[in-house]
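Visitor: Residue numbers (the numbering used here), protein chains in the order written: chain A, 63 to 315; chain B, 35 to 236.
And the structure:
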């Protein structure tokens with residue numbers, strides 16, 4: 063039986079993980095390699111590295127560090143942030159990324175999804191959508207959630223999958239950072255609209271939120287979170303033990 | 035020395051890195067002489083069956099791989115590389131494979147309930163189908179490995195050494211003598227995957 067995936071997300075600027083992470087036993091808490099290894103050893107099923115660098119020098123540092131991560135950790139690696147062209151895909155795939163997540167770049171140029179899927183396969187292209195309710199309608203936001211594109215979110219996601227996106231990350235701006243649970247209504251709407259794997263993001267505050275997510279919406283394939291893992295509020299072994307107790311299949315390490 | 039067959043498909047970075055992590059010396063090559071000199075051969079692959087089979091053939095590597103396998107050299111196919119070991123594949127038409135293992139590669143959709151997603155993507159448990167293969171000597175029944183595929187190996191019953199359940203038992207690994215194949219990606223399957231590669235290399 064296929065297991066539900068637990069995915070920590072790390073924001074990287076100039077090759078260093080931002081948001082201080084506080085774990086004992088790590089000599090360098092901002093090293094993507096050390097942190098990635100820590101998460102991989104504790105049972106993360108996949109890692110997402112999000113490059114929030116603005117400069118080209120920072121980009122170079124990011125790809126150097128990605129290469130190092132990919133040499134050390136043997137679970138699927140997804141890279142996002144600043145992916146606007148096929149050259150960007152090429153750049154991170156050569157450094158050992160398995161999947162590439164597109165967001166604003168695909169909003170500006172939806173053909174990017176199609177071209178990348180044709181060249182690297184659907185499985186390589188992850189559509190990440192930042193979604194927020196505006197007057198009761200799900201709208202897609204660009205530029206890290208700052209800009210309302212006016213596009214209806216479910217239609218945009220369906221379109222992205224039709225163009226070749228092999229997975230969808232749904233990040234609810236409404237629940238993000240609130241720590242009151244995932245956006246079940248939004249996720250349900252997306253699961254009903256597409257047949258590719260759906261990854262829930264935004265709103266996890268504790269273990270119970272993951273249990274509720276997978277129990278309420280069995281069609282959701284994975285849960286992604288950042289700060290609750292980084293600050294040790296939730297450890298992956300404890301999370302997986304709780305999911306297993308609730309008869310939700312998860313991978314043991 | 036382990037030779038990874040380079041025939042212009044897929045990203046070999048992770049495979050090379052994972053073999054380095056278990057202390058194996060590798061060469062990524064499309065050179066027939068280097069493949070002949072290697073102790074073991076790994077045939078990787080991502081993409082579509084027909085396209086990959088054609089790329090192997092136009093480089094003359096199909097005959098080299100088959101020749102080496104028939105001479106008894108250990109061969110491991112991974113993902114599409116496993117699928118190519120069979121007689122034929124039905125992805126965008128019918129295409130001939132290497133014919134090293136009897137069987138054919140067919141769409142998963144023919145086999146599983148319609149409500150299940152395709153591709154079969156994610157971590158799934160291995161179930162051994164017969165006496166445990168030496169390939170799994172460091173792996174336990176039920177250990178999870180990482181899959182990404184839309185086609186599966188069919189009509190190869192006697193050579194299946196492991197299956198994974200996804201609405202139906204899907205062929206996860208095969209072995210016929212010195213020729214083995216994994217549908218999953220050992221190079222992306224954490225410690226379990228590294229242990230499978232280690233067993234192949236010993």
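A virtual CB, placed ideally from N, CA and C, is assigned to each residue, including glycine.
How long is the line joining the alpha carbons of residue 127(B) and residue 219(B), rounded to whole angstroms?
Guide: Rounded to whole angstroms, residue 127(B) to residue 219(B) spans 25 angstroms at the Cα level.
Visitor: Which stretch, first to last residue, makes up the beta strand (DSSP E) that contains residue 76(A)?
Guide: Per DSSP, residue 76(A) belongs to no beta strand (DSSP E) and is neither H nor E.
Visitor: Beta-carbon separation of residue 283(A) and residue 264(A) under 9 angstroms?
Guide: Not a contact, by the Cβ cut-off of 9 angstroms.
Visitor: Report whether the distance from the Cβ of residue 79(A) to the nearest heavy atom of the ligand COA is below 8 angstroms.
Guide: Of the ligands one can find in the structure shown there are none, so the ligand COA has no counterpart to examine.
Visitor: Taking CB distances under 9 angstroms as the criterion, tell me whether residue 184(A) reaches chain B.
Guide: yes
Visitor: Please check the pair residue 142(A) and residue 118(A), which I expect to be a contact at CB under 8 angstroms, by giving their CB distance rounded to whole angstroms.
Guide: Their Cβ separation, rounded to whole angstroms, is 18 angstroms, which puts residue 142(A) and residue 118(A) out of contact at 8 angstroms.
Visitor: Let me know the secondary structure DSSP gives residue 300(A) once reduced to three states.
Guide: helix
Visitor: What residue does the beta strand (DSSP E) around residue 216(A) start on, and which one ends it?
Guide: First-last for residue 216(A): 215 to 225, but that is the alpha helix (DSSP H), not the beta strand (DSSP E).
Visitor: Against chain B, with Cβ distances strictly below 9 angstroms, would residue 156(A) count as a contact?
Guide: yes
Visitor: Between residue 129(B) and residue 84(B), how many whole angstroms is the CB-CB distance? I'm expecting something under 8 angstroms.
Guide: 4 angstroms
Visitor: Buried or exposed: residue 125(B), going by 16 or more other Cβ atoms within 10 Å of its Cβ?
Guide: buried
Visitor: If you reduce the DSSP assignment to three classes, tell me which class residue 101(A) lands in.
Guide: helix
Visitor: Applying the criterion that 16 or more other CB atoms from any shown protein chain within 10 Å of the CB defines a buried residue, is residue 70(A) buried or exposed?
Guide: buried
Visitor: Short check: CB of residue 77(A) to CB of residue 94(A), under 9 angstroms?
Guide: yes
Visitor: For residue 94(B), tell me which candidate among 71(B), 72(B) and 66(B) has the shortest Cα-Cα distance.
Guide: 66(B)
Visitor: Does the beta-carbon distance from residue 134(B) to residue 120(B) come in below 9 angstroms?
Guide: For residue 134(B) and residue 120(B), yes; Cβs fall inside 9 angstroms.
Visitor: Please compile the residues from chain A whose C-beta is within a distance smaller than 7 angstroms of the C-beta of residue 151(B).
Guide: Within chain A, the residues 257, 258 and 259 have their CB atoms less than 7 angstroms from the CB of residue 151(B), given in chain order.
Visitor: List, from N- to C-terminal side, the beta strand (DSSP E) runs of 3 residues or more that fit wholly inside the region 159 to 202 of chain B.
Guide: Annotation: the region 159 to 202 of chain B contains the following complete segments of the beta strand (DSSP E) (minimum length 3 residues), in chain order: 178 to 183, 185 to 188 and 194 to 199.
Visitor: Does the beta-carbon of residue 48(B) have 16 or more other beta-carbons within 10 angstroms, so that it is buried, or is it exposed?
Guide: buried
Visitor: Let me confirm a value: residue 302(A) is counted as buried when at least 16 other C-beta atoms fall within 10 Å, else exposed. Which label applies?
Guide: buried
Visitor: Spatial neighbours of residue 160(A) within its chain, please: C-beta separation below 8 angstroms, excluding the five flanking residues on both sides.
Guide: 138, 139, 140 and 186
Visitor: Check whether the region 197 to 206 of chain B touches the region 95 to 106 of chain B, counting contact only when three or more Cβ pairs, one atom from each stretch, lie closer than 8 angstroms.
Guide: no
Visitor: When DSSP labels each residue in this structure, what does residue 48(B) get in the three-state scheme?
Guide: In the three-state DSSP reduction, residue 48(B) falls in the helix class (H, G or I).
Visitor: Can you tell me where the beta strand (DSSP E) with residue 190(A) in it begins and where it stops?
Guide: 187 to 196
Visitor: Between residue 248(A) and the rest of its own chain, which residues show a CB-CB distance below 7 angstroms, the 5 nearest in sequence each way excluded?
Guide: 193, 200, 232 and 234
Visitor: Rounding to the nearest angstrom, what Cα-Cα distance links residue 60(B) and residue 38(B) in this structure?
Guide: 7 angstroms
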